[in-house]
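Residue numbers for the sequence shown follow our numbering, beginning at 230 and rising by one. Comments concern the structure below.
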Amino acid sequence: KEHLLLAKQVGVPNIVVFLNKEDQVDDPELLELVQLEVQETLEAYEFPGEEVPIVTGSALLALEALIENTEASDNKWVEKIYTLMEQVDSYIPTPERETDKTFLMAVEDVFSITGRGTVATGRVERGVLKTNETVDLVGLGDTKNVTVTGLEMFQKTLDETVAGDNVGVLLRGVQKDEIQRGMVIAAPNSIEPHTKFEAQVYVLTKEEGGRHTPFFPGYRPQFYVRTTDVTGKIENFTADDGSETKMVIPGDRVKMVV
């Protein structure tokens, strides 16, 4: 249930369900009851339970069959994995690439190439980038404007990269210690870093996989933003009615200044 809740909260629009360990269920009626329960749970979290594909199978037996024979496509359990992927292909729509927006890529890793320079890798979130264009390195320290001298994806050199690509970006005049995971590469003057923000949040309960205890102003949780994680300090809370509150308990919905 907590996975469905989190999926809904982060905006996952479509899902496909795989019921594992089918080999351990002897009664077909029991399997049907489980599927009905899954559909009801999906409905409870505002997913279309009757429309969401539910595939049953055994991941372990499929893996074991393929280890014994990599060509075992006619195996019952392997076929179920193929069925799962067919459902994913048919039910999950292909995301539209946001190529009409300004370029933005979160840095996942950084390494140096002798004689060429520093390469930052990551997934392009939006926009288009071409070689010899300039970009901003945004994150730690002052924003730095640099030139892109090369683009590479799966050992192939590119002239341009677009939203959705996992790409390596070769940067001119950048030392490896000047850029690190969590920073972003963006179109010049398109974004500005901030160290303080206001957020509206729902605090997960223990049953939802969240906290067991309340917390107070001054609490320092870990924040995960794109590819970075950083500790922040919560300054104050505001309740739904606009009044300031001194304590937040699991299940509360509040605004907070971080």
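For each residue, glycine too, the CB sits at the ideal point set by N, CA and C.
Expected contact under 8 Å - CB spacing of residue i and residue j to nearest Å
{"i": "Ala392", "j": "Arg355", "result": "5 Å"}
{"i": "Gln409", "j": "Leu369", "result": "7 Å"}
{"i": "Ala428", "j": "Val487", "result": "6 Å"}
Under 8 Å between C-beta atoms of residue i and residue j
{"i": "Val353", "j": "Thr390", "result": "yes"}
{"i": "Val336", "j": "Thr456", "result": "yes"}
{"i": "Leu313", "j": "Phe247", "result": "yes"}
{"i": "Leu271", "j": "Val281", "result": "yes"}
{"i": "Glu261", "j": "Gln268", "result": "no"}
{"i": "Val375", "j": "Leu366", "result": "yes"}
{"i": "Leu380", "j": "Gly346", "result": "no"}
{"i": "Lys475", "j": "Phe445", "result": "yes"}
{"i": "Lys250", "j": "Ser287", "result": "yes"}
{"i": "Arg482", "j": "Asp470", "result": "no"}
Range covered by the beta strand (DSSP E) that runs through residue i
{"i": "Ile283", "result": "283–285"}
{"i": "Glu337", "result": "No beta strand (DSSP E) contains Glu337, which DSSP labels as neither H nor E."}
{"i": "Ala415", "result": "413–415"}
{"i": "Val403", "result": "Counting along the chain, Val403 falls outside any beta strand (DSSP E), and DSSP gives it neither H nor E."}
{"i": "Gly346", "result": "346–355"}
{"i": "Thr363", "result": "363–367"}
{"i": "Val391", "result": "389–391"}
{"i": "Lys485", "result": "The sequence shown places Met at residue 485, not Lys. Per DSSP, Met485 belongs to the beta strand (DSSP E) from 482–486."}
{"i": "Phe247", "result": "246–248"}
Separation of residue j from residue i, as counted between CA atoms
{"i": "Asp458", "j": "Lys425", "result": "15 Å"}
{"i": "Tyr453", "j": "Val432", "result": "16 Å"}
{"i": "Pro450", "j": "Leu259", "result": "42 Å"}
{"i": "Val348", "j": "Asp329", "result": "25 Å"}
{"i": "Asp303", "j": "Asp388", "result": "42 Å"}
{"i": "Ala415", "j": "Lys305", "result": "48 Å"}
{"i": "Gly351", "j": "Asn243", "result": "24 Å"}
Coarse secondary structure for residue i, derived from DSSP in three states
{"i": "Ile314", "result": "In the sequence as presented, Ile is not what sits at residue 314; that position holds Met. In this structure, Met314 counts as helix in the three-state DSSP scheme."}
{"i": "Leu433", "result": "coil"}
{"i": "Lys237", "result": "helix"}
{"i": "Gln253", "result": "helix"}
{"i": "Tyr448", "result": "coil"}
{"i": "Ser373", "result": "Looking at the sequence itself, residue 373 is Lys, so the reference to Ser does not match. In the structure shown, Lys373 sits in a strand (DSSP, three-state: E or B)."}
{"i": "Lys462", "result": "coil"}
{"i": "Lys305", "result": "helix"}
{"i": "Glu381", "result": "strand"}
Residue range of the unbroken alpha helix (DSSP H) whose run includes residue i
{"i": "Glu293", "result": "288–297"}
{"i": "Leu271", "result": "257–273"}
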